[in-house]
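For reference, the structure is listed below as structure tokens.
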Amino acid sequence: MILQPILDNLKITKLNEMQQASISATKKGNDILVLAPTGSGKTLAFLLPVLNNLTKESKGVQCLILVPSRELALQIEQVFKQMGTGFKVNCCYGGHPIKTERNNLEQPPAVLIGTPGRIAYHLRHQNFDESFVTTLVLDEFDKALEFGFTEDMSYIIGTLLSLKQRILTSATAMEEIPAFTGLKNHKEINFLQDVQSAPDLKLKKIQTTAEDKLDTLFELICKIGSKTTLIFCNHRETVDRISDLLIDKDLAHDIFHGGMEQDERERALLKFR
Numbered sequence: 028m029i030l031q032p033i034l035d036n037l038k039i040t041k042l043n044e045m046q047q048a049s050i051s052a053t054k055k056g057n058d059i060l061v062l063a064p065t066g067s068g069k070t071l072a073f074l075l076p077v078l079n080n081l082t083k084e085s086k087g088v089q090c091l092i093l094v095p096s097r098e099l100a101l102q103i104e105q106v107f108k109q110m111g112t113g114f115k116v117n118c119c120y121g122g123h124p125i126k127t128e129r130n131n132l133e134q135p136p137a138v139l140i141g142t143p144g145r146i147a148y149h150l151r152h153q154n155f156d157e158s159f160v161t162t163l164v165l166d167e168f169d170k171a172l173e174f175g176f177t178e179d180m181s182y183i184i185g186t187l188l189s190l191k192q193r194i195l196t197s198a199t200a201m202e203e204i205p206a207f208t209g210l211k212n213h214k215e216i217n218f219l220q221d222v223q224s225a226p227d228l229k230l231k232k233i234q235t236t237a238e239d240k241l242d243t244l245f246e247l248i249c250k251i252g253s254k255t256t257l258i259f260c261n262h263r264e265t266v267d268r269i270s271d272l273l274i275d276k277d278l279a280h281d282i283f284h285g286g287m288e289q290d291e292r293e294r295a296l297l298k299f300r
């Protein structure tokens with residue numbers, strides 16, 4: 028694997044310590060558990076070892092990446108595409124047309140990313156040949172357990188008889204790793220205490236006496252200027268209120284919440300990136 032062109036494509040000058048440790052730990056084919064905060068670069072920490080395992084000769088899905096959400100699946104897919112590896116990648120998740128996914132799997136990608144429920148569906152319907160899968164990634168495994176994907180993940184892993192390497196990532200320490208993962212003699216890379224998710228982050232408090240804080244928010248947005256900005260709200264109704272304000276002020280923006288259709292959310296994410 029030639030690393031520099033990939034870093035150039037991702038506009039990254041160098042790997043962080045956690046990513047370097049992950050690559051080093053996987054070189055001999057060891058199973059690994061990566062413990063690091065959200066936003067610390069875990070995606071690249073497993074995608075680079077995955078890339079190292081891929082071969083041009085294989086005609087099937089070589090790596091399966093299981094994630095707890097469709098948004099995370101799309102994010103990983105985008106990063107892999109930006110790496111410019113020449114290998115095909117596809118996503119499968121709930122809310123995405125099964126027919127489209129089935130058509131994509133007829134010409135199997137080297138890397139398949141998906142939520143456990145949808146991947147289990149494709150396996151049960153024999154939509155791809157699992158015998159080619161040699162690398163398994165369980166990303167944000169702690170959340171996948173929390174969301175109740177245990178049964179699907181157990182079924183999926185039970186079908187993967189050609190696995191040579193397993194990579195688990197988690198943003199929280201795990202007292203016990205479930206036996207169904209098949210992790211044996213794994214190496215643990217723990218950066219939960221050492222890596223800050225956003226070392227350059229500055230926290231500032233804006234005080235206002237106004238009951239309705241929309242005007243204050245708008246002033247703040249104007250001061251931020253053209254920088255990319257995320258506004259988190261407690262309720263979708265608040266999202267819509269802020270959106271109405273920004274429309275009145277002729278400010279370009281997008282919204283994202285659970286009340287939107289799946290394709291609308293995907294478009295909003297892609298435009299934001």
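Numbered according to this note's numbering, the sequence shown spans residues 28 to 300. Glycine included, C-beta positions come from ideal geometry on N, C-alpha and C. Please read all numbers here as calculations on a predicted model, not as lab measurements.
The region 149 to 169 makes contact with the region 185 to 203; the number of CB pairs closer than 8 Å reaches 3 or more. The secondary-structure analysis by DSSP pairs E215 across a beta bridge with L60.
In this structure, A63 places its C-beta atom within 8 Å of the C-beta atom of F218. In the structure shown, the three-state DSSP call for Q220 is coil. Burial check for D242: the Cβ neighbour count within 10 Å stays below 16, so the residue is exposed.
Measuring C-alpha to C-alpha distances from N154 to each of K126, T177, S181 and E167 identifies K126 as the nearest. Non-local C-beta neighbours of T40 in its own chain, meaning closer than 8 Å and more than five positions away in sequence, comprise L34, ordered along the chain. Excluding residues up to 5 positions away in sequence, L273 lie with their Cβ nearer than 6 Å to the Cβ of H280 in the same chain. When DSSP states are grouped into helix, strand and coil, V164 belongs to the strand group.
Between C90 and V77 a beta carbon distance of about 5 Å is seen, short of the 8 Å cut, so the two are scored as contacting. Pairwise C-beta distances place the region 173 to 181 in contact with the region 136 to 155, as three or more of them are shorter than 8 Å. The beta carbon of A200 sits closer than 8 Å to the beta carbons of L62, N217 and L219 from its chain, once the five residues preceding and following it are set aside; these are given in chain order.
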